[in-house]
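Using our numbering, read the sequence shown as starting at 41 and increasing by one per residue. Even for Gly, the Cβ is constructed at its ideal location relative to N, Cα and C. Okay, structure first, notes after.
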Amino acid sequence: MSLNQQNNANRVSRREFARILALGCTSFELLGRSAFASPASMRQFETNGGPFARGKQQGEACRALFHPWAKRFLRDRYPWMNNYLQNELELFSASWPPAMRSVREEVELWKRHMLEVYPEGFEECCGVAAGLGLDEISYLTVQCYDLVLKPAKADVTKAVSGPKCTVVGLRDAQGRPLVGKTDDVNQWELGMNVLEITKPDKGYRHVHFHFAGTLWTVAGMNERGLAMGMNGIPAPRHKTKGISSLDALHTILPSCANVDEAIKHIRDLPLSAGGFSLLLGDANGKLSVVERTPAGMAVLPEKKGEGLAHANEIVDPELAKKNPAAAGRMKTNSRRRYESALSALKAGKDLEKILNSRSPQGAICQRGEDGMHTDFAVIFSPVEKKLKYWLGYTEAMEPKILNLETIFT
Numbered sequence: 041m042s043l044n045q046q047n048n049a050n051r052v053s054r055r056e057f058a059r060i061l062a063l064g065c066t067s068f069e070l071l072g073r074s075a076f077a078s079p080a081s082m083r084q085f086e087t088n089g090g091p092f093a094r095g096k097q098q099g100e101a102c103r104a105l106f107h108p109w110a111k112r113f114l115r116d117r118y119p120w121m122n123n124y125l126q127n128e129l130e131l132f133s134a135s136w137p138p139a140m141r142s143v144r145e146e147v148e149l150w151k152r153h154m155l156e157v158y159p160e161g162f163e164e165c166c167g168v169a170a171g172l173g174l175d176e177i178s179y180l181t182v183q184c185y186d187l188v189l190k191p192a193k194a195d196v197t198k199a200v201s202g203p204k205c206t207v208v209g210l211r212d213a214q215g216r217p218l219v220g221k222t223d224d225v226n227q228w229e230l231g232m233n234v235l236e237i238t239k240p241d242k243g244y245r246h247v248h249f250h251f252a253g254t255l256w257t258v259a260g261m262n263e264r265g266l267a268m269g270m271n272g273i274p275a276p277r278h279k280t281k282g283i284s285s286l287d288a289l290h291t292i293l294p295s296c297a298n299v300d301e302a303i304k305h306i307r308d309l310p311l312s313a314g315g316f317s318l319l320l321g322d323a324n325g326k327l328s329v330v331e332r333t334p335a336g337m338a339v340l341p342e343k344k345g346e347g348l349a350h351a352n353e354i355v356d357p358e359l360a361k362k363n364p365a366a367a368g369r370m371k372t373n374s375r376r377r378y379e380s381a382l383s384a385l386k387a388g389k390d391l392e393k394i395l396n397s398r399s400p401q402g403a404i405c406q407r408g409e410d411g412m413h414t415d416f417a418v419i420f421s422p423v424e425k426k427l428k429y430w431l432g433y434t435e436a437m438e439p440k441i442l443n444l445e446t447i448f449t
């Protein structure tokens, strides 16, 4: 089925939209309530120009979303910040204790590393901070949390930590690749993903999904038809010059025209923290999965007629030996989703049905399973240069289709 045919075949109800309206809440009140009480649409905006200009445009578009989220994110991850985060998101002010100096030193070190290995990303971060109305160091403390701030074990009880999300790839009736992804977050973070249409002064034009006010690209497609969707996987943290996995993903779509170029680009990335599996598809018809951590990389090619799926455990046995093993509820949840996706592929199910699956054996669209909630799902058709996306936590928004050839004419 083509994306247009799937869209016509899957009309959704508006019951949840009526329920949201009945609550009579503002969008920020909704963010703190149930999985079905988040905004009934995804924020979409366009950026263009150089890195700083694009960053500032994003910051201005996402300010109202970012500030309340960032304060709660920091408080949940580091409860000791409660006494210092007041109305303004300002870190390292005169009122903060001397112990915070060591944290600032770590942020400054990461800043120097990013300037050296990814100057365009650093410039974009500075633009985002300006658009958000934040000082540079306060913003970078949130943006680069994976590299600098590691909470004590006792500090992570509130947050659902660990890798999340699912990717599934298959071919349509014409043999063209389709790249599918669900994005899972904490319940209170529902509605935080945005869709950015980027027209850079250098590099390929692209559309990408990411958390509001960050560079954390989780899915997207560029004008050449390269499409990608990521999951988190267990990974070590190396104290070397480099960038985090979420920042590294931001570099792919502007730089690579096809799967082969993306694989080479990913192999060369200076990764210091975090890991990802990345489903890739292109306009030439190629489909592949890459697993990448600071400890190494593996490529999982498509097996004819079987499709591809990945959750949050490393599949390649040699790479798995070099990285921490998945554990606890994230391991069991990931395995259930992975096995559910493989079974659905074997049964020849439609990709949209797979991503929307609420199967008790392993729900791909999650609505509270092990504290995880699907914020959105997306299907990319690289040959058609089209994408279709919808919200995972409500049926209020009907699926939307974007045509990149129309957007970028």
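Residue j beta carbon less than 9 angstroms from that of residue i
i, j, result
"A450", "A417", "Nothing about residue 450 can be reported from this structure: the residues present for the chain run from 41 to 449 only."
"D322", "R245", "no"
"G260", "A252", "no"
"N271", "T206", "yes"
"F92", "L172", "no"
"M337", "I306", "yes"
"V234", "A101", "yes"
"S380", "A366", "no"
"N324", "N298", "yes"
"I217", "P276", "In the sequence under discussion, the amino acid at residue 217 is Pro, which differs from the Ile named in the question. The answer is no: Cβ separation not under 9 angstroms."
"L382", "V247", "no"
"L327", "L318", "no"
"D308", "E331", "no"
"Y433", "D415", "yes"
Selected residue, minimal CA-CA separation from residue i, among the options
i, options, result
"G316", "I354, S328 and V299", "Contrary to the premise, residue 316 reads as Phe rather than Gly in this sequence. For F316, the nearest C-alpha among the options comes from I354."
"I237", "D223, E229, Q227 and T257", "T257"
"L255", "P439, T87, T449 and N443", "T87"
"L395", "F85, D224 and E164", "D224"
"P364", "G411, G402 and A313", "A313"
"A384", "S295, S397, T414 and Q227", "S397"
"K304", "D287, V329 and N373", "V329"
"G282", "G90, H153, D410 and D116", "H153"
"I441", "F420, T434, Y433 and G432", "F420"
"M232", "L427, M370, F249 and L114", "F249"
"H350", "R83, D308, D116 and G269", "G269"
"K343", "K425, Y433, P108 and R211", "R211"
"K427", "D287, A360, E358 and V219", "In the sequence under discussion, the amino acid at residue 427 is Leu, which differs from the Lys named in the question. Nearest option by C-alpha distance: V219."
Outcome for residue i when other beta-carbon atoms lying within 10 angstroms are tallied against a minimum of 16
i, result
"G408", "exposed"
"L155", "exposed"
"Q98", "buried"
"C400", "Strictly speaking, residue 400 in this sequence is Pro, with Cys absent from that position. Looking at its Cβ environment, which holds fewer than 16 other Cβ atoms inside 10 Å, P400 is exposed."
"G161", "buried"
"T280", "exposed"
"Q183", "buried"
"E424", "buried"
"S285", "buried"
"T222", "buried"
Inter-residue Cα distance where the pair is residue i and residue j
i, j, result
"L311", "R112", "27 angstroms"
"N47", "T446", "Note on N47: pLDDT 42, under 50, position unreliable in the model; the coordinate value appears next. Approximately 18 angstroms, taken between the alpha carbons."
"G167", "G95", "4 angstroms"
"L348", "L340", "9 angstroms"
"R144", "Y158", "20 angstroms"
"N226", "H413", "6 angstroms"
"T449", "K239", "11 angstroms"
"K386", "Y179", "45 angstroms"
"R375", "A302", "27 angstroms"
"P422", "Q406", "26 angstroms"
"E392", "P439", "10 angstroms"
"A199", "E164", "Its pLDDT being 35, under 50, A199 is placed unreliably by the model, and the measurement read from it follows with that caveat. The alpha-carbon atoms of A199 and E164 are separated by roughly 28 angstroms."
"D116", "G345", "44 angstroms"
"H290", "N262", "12 angstroms"
"L230", "L149", "32 angstroms"
"L431", "K362", "36 angstroms"
"L63", "A104", "Because L63 carries a pLDDT of 32, less than 50, the predicted location of this residue cannot be relied on, and no value is offered for it."
"P213", "Y429", "Note that residue 213 is Ala in the sequence shown, not Pro. Going from the Cα of A213 to the Cα of Y429 covers about 20 angstroms."
"G209", "V147", "38 angstroms"
"M370", "H278", "23 angstroms"
"Y185", "F85", "25 angstroms"
The ligand SAM heavy atom lying under 8 angstroms from the CB of residue i
i, result
"S399", "Because no ligand of any kind appears in the structure shown, any question about the ligand SAM cannot be addressed here."
Chain C within 9 angstroms of residue i, Cβ atoms only
i, result
"A297", "The structure shown contains no chain C; it is built from a single protein chain."
Cβ-Cβ separation, residue j to residue i (assumed contact under 8 angstroms), whole Å
i, j, result
"D241", "G90", "5 angstroms"
"S295", "G215", "In fact, because the Cβ distance is near 27 angstroms, the residues do not count as touching under 8 angstroms."
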